[in-house]
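Just below is one structure, and these are the notes that go with it.
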Amino acid sequence: KAGVTQTPRYLIKTRGQQVTLSCSPISGHRSVSWYQQTPGQGLQFLFEYFSETQRNKGNFPGRFSGRQFSNSRSEMNVSTLELGDSALYLCASSSDRGPYEQYFGPGTRLTVT
Amino acid sequence: EDQVTQSPEALRLQEGESSSLNCSYTVSGLRGLFWYRQDPGKGPEFLFTLYSAGEEKEKERLKATLTKKESFLHITAPKPEDSATYLCAVQASWTGGFKTIFGAGTRLFVKA
Chain R
38 KAGVTQTPRY LIKTRGQQVT LSCSPISGHR SVSWYQQTPG QGLQFLFEYF SETQRNKGNF
98 PGRFSGRQFS NSRSEMNVST LELGDSALYL CASSSDRGPY EQYFGPGTRL TVT
Chain C
2 EDQVTQSPEA LRLQEGESSS LNCSYTVSGL RGLFWYRQDP GKGPEFLFTL YSAGEEKEKE
62 RLKATLTKKE SFLHITAPKP EDSATYLCAV QASWTGGFKT IFGAGTRLFV KA
């Protein structure tokens, strides 16, 4: 079974630009969660989508948004990029019927200059 | 407030020197506790799920245990390739679904 895939793997953007990251979950998983990981803050939860609906949201500004498609693939968008948005963005998928562990993709390394 | 605390922040061991990593948590409505391993620049790799106090899981040199307030990841006779950051996460029921809270991790260094 193929794992979680994320594209692109690396991105360099300039302050003020916007960016879209993509995630394809494990086949059959309908829950997709997004995390931001930085050396200082660790893994911070952004949001979770299930069946095309945002089910849960972390404490991030409205510049961070996401969506999920009918095939469970998900995208997240960050608008008006700031230097502090530089991070590893991780996507994780899980089965909603249990067991509930999340399986992570390799991440997208975003650098904002 | 729901919280997950891992200790120590960093642990340096000699090859073959067994030790334990701790994960303490305060959540209501625990749905499961998870251990992950993360290598630099990569996504976390799932290791174990524990659902209830008293449960234990083993995989090679790793053994995870769970009590009502904490979990331990025991590493027996570690090797240099066990060097990584070990993350603990707790999943709890929440309005409309569930939430997963990660600890800050323990960075393990195993020297040959």
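Protein chains in written order, with the working numbering: chain R, 38 to 150; chain C, 2 to 113.
Even glycine gets a Cβ: it sits at the ideal position worked out from N, Cα and C.
- Pairing R:F141 with R:T44, the inter-Cα distance amounts to about 13 Å.
- At least one CB of chain C lies nearer than 7 Å to the CB of R:E138.
- Taking the C-beta atoms as reference points, R:Q74 is found nearer than 7 Å to R:L125.
- Excluding its 5 nearest sequence neighbours in each direction, R:S132 has C-beta neighbours in its own chain below 6 Å: H66, listed in chain order.
- DSSP, read as helix, strand or coil, puts R:G121 in helix.
- At least 7 Å separates the beta-carbon of R:F97 from that of R:L118.
- Neighbours of R:G79 across chain C, judged by C-beta separation under 9 Å: L88, F103, G104, A105 and G106.
- Following the DSSP letters along the chain, one finds R:K94 inside the beta strand (DSSP E) bounded by residues T90 to K94.
- At a cut-off of 7 Å between beta-carbon atoms, C:P45 makes contact with chain R.
- Closer than 7 Å to the CB of R:P143 there is at least one CB belonging to chain C.
- Put simply, the CB of C:G55 is far from chain R, with every gap to its CB atoms at 7 Å or more.
- Annotation: the continuous beta strand (DSSP E) that includes C:R38 extends over L31 to Q39.
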